[in-house]
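The numbers in our numbering rise by one with no breaks, and the one at position 231 of the sequence shown is 367. From the three backbone atoms N, C-alpha and C, an ideal C-beta is built for every residue, glycine too.
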Amino acid sequence: MEIEKIGVLGAGTMGSGIAQVAAQAGFQVVMRDIDERFVKGGLAAIDRFLARSVEKEKVTPDEKKAILGRIKGVVSIEEIGAADFVIEAVLEDLELKKTVFAELDRLCRPEVIFTSNTSSMSITEIAAATSRPERVAGMHFFNPTPLMKLVEVIRGFQTSDATIQVVTDLARKMGKEPIQVKKDSPGFVVNRVLMPHVIEAIRLVEEGVASMEDVDKAVKLGLNYPMGPFELMDLTGIDIVSHVTDYFFNELNKENKWVAPQLLKSMIRANRLGRKTKAGWYEYE
Ligand SMILES: NC(=O)c1ccc[n+]([C@@H]2O[C@H](COP(=O)([O-])OP(=O)(O)OC[C@H]3O[C@@H](n4cnc5c(N)ncnc54)[C@H](O)[C@@H]3O)[C@@H](O)[C@H]2O)c1
Numbered sequence: 137m138e139i140e141k142i143g144v145l146g147a148g149t150m151g152s153g154i155a156q157v158a159a160q161a162g163f164q165v166v167m168r169d170i171d172e173r174f175v176k177g178g179l180a181a182i183d184r185f186l187a188r189s190v191e192k193e194k195v196t197p198d199e200k201k202a203i204l205g206r207i208k209g210v211v212s213i214e215e216i217g218a219a220d221f222v223i224e225a226v227l228e229d230l231e232l233k234k235t236v237f238a239e240l241d242r243l244c245r246p247e248v249i250f251t252s253n254t255s256s257m258s259i260t261e262i263a264a265a266t267s268r269p270e271r272v273a274g275m276h277f278f279n280p281t282p283l284m285k286l287v288e289v290i291r292g293f294q295t296s297d298a299t300i301q302v303v304t305d306l307a308r309k310m311g312k313e314p315i316q317v318k319k320d321s322p323g324f325v326v327n328r329v330l331m332p333h334v335i336e337a338i339r340l341v342e343e344g345v346a347s348m349e350d351v352d353k354a355v356k357l358g359l360n361y362p363m364g365p366f367e368l369m370d371l372t373g374i375d376i377v378s379h380v381t382d383y384f385f386n387e388l389n390k391e392n393k394w395v396a397p398q399l400l401k402s403m404i405r406a407n408r409l410g411r412k413t414k415a416g417w418y419e420y421e
């Protein structure tokens, strides 16, 4: 089946970024969120990003207009029924994702492939909420999506080879570099590597070994990473870090190494960030 129209669930940080790269690659996009306010926010974020691209002369004003013209923001989930391929980027909540996939299954043609942008959760379990688990896979983009090249393509327990091929090809058409995650394992590749870094960075600060700024500086200058762990958490939001560490703890034999540090829990309890604002780590220290 030729993919012309891509349905994106969620107009948040990731949903809007994914909608943008899909539209930039020439696809028609239907981006759905649960409230008009979120849809508008997602469209505004895309507009801002493209305006900067125009300023930097990476995109012409006409191209910007054409890209935006290919994205339809909607609240009604029924509109996703016309999609040829679906990418889900709702909140990192397994029950919510299962509900969304069951709904998609009811709405979309049987041959349509569904993918989830989950950072850590089981593709197999999400797929089991549908009647087409062979056509469900993980398609894990990174933040900020228009700039980050990697897409992890994740095989669920029942995902077919044909589905993996279609998802891999689509990632390339969207200008990304896919890698194959051959087993549905929590956190896939990048987050399994990243989370121990993040947890240890927070513990170093808790133990008074170094300041947040110096940990970030050490990682940038000593490991040549472009960003330190605290700067990265400011970008992604710490709610996601805590969801992922809790999930790893439960899924990966309740090993102590995945227990969220007290400082992370305090930051969340102090509710300094809300769901979408920056953590502001340095300010907190
Ligand atoms: N932020 C990151 O750095 C990052 C990176 C990679 C993957 N992810 C994953 O992407 C997903 C989305 O993360 P985010 O950072 O964009 O979150 P976000 O909070 O910015 O956006 C999520 C959006 O989903 C919407 N939503 C909730 N229920 C919905 C439904 N039934 N239908 C449509 N929309 C619905 C919310 O209203 C919200 O606007 C999560 O699974 C997350 O783990 C996040």
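Next item on the list: Using 10 angstroms around the beta-carbon of Phe293, count the other beta-carbons present and answer buried if the total reaches 16, otherwise exposed.
Entry: exposed
Note to self: In the DSSP output, what is Pro397 paired with across the bridge?
What the structure shows: Answer by DSSP bridge pairing: none, since Pro397 is not bridged.
Next item on the list: Inspect the beta-carbon positions of Ser256 and Phe384 and report whether they are closer than 8 Å.
Entry: Ser256 places its beta carbon less than 8 Å from that of Phe384.
Margin query: Quick check: the Cα distance between Pro314 and Leu388, rounded to an integer number of angstroms?
Written below: 25 Å
Next item on the list: Quick one: measure Cβ to Cβ for Ile290 and Ala264, integer angstroms, because I've assumed they're closer than 8 Å.
Entry: Their Cβ separation, rounded to whole angstroms, is 15 Å, which puts Ile290 and Ala264 out of contact at 8 Å.
Note to self: So, for Glu172: in the same chain, excluding its five sequence neighbours on each side, which residues have a beta-carbon less than 8 Å away from its beta-carbon?
What the structure shows: Val211
Notebook entry, point to check: Are there three or more Cβ pairs, one per stretch, closer than 8 Å when the region 323-342 is compared with the region 292-310?
Noted result: no
Next item on the list: Just the C-alpha distance for Leu286 and Met310, rounded to the nearest angstrom, thanks.
Entry: 11 Å
Notebook entry, point to check: Per DSSP, Gln164 forms a beta bridge with which residues?
Noted result: Lys141, per the DSSP bridge assignment.
Item checked: Secondary structure of Gln301, DSSP reduced to three states -> helix
Check: Taking one C-beta from the region 139-153 and one from the region 214-229 each time, how about it: are there three or more such pairs within less than 8 Å?
Finding: yes
Check: Among Phe278, Gly323, Thr260 and Arg168, which one has its Cα closest to the Cα of Arg271?
Finding: Thr260
Checklist line | Proximity to Ile376 [Cα-Cα], best of Ala180, Met363, Pro362 and Ala396 | finding: When only C-alpha atoms are compared, the closest one is Ala396.
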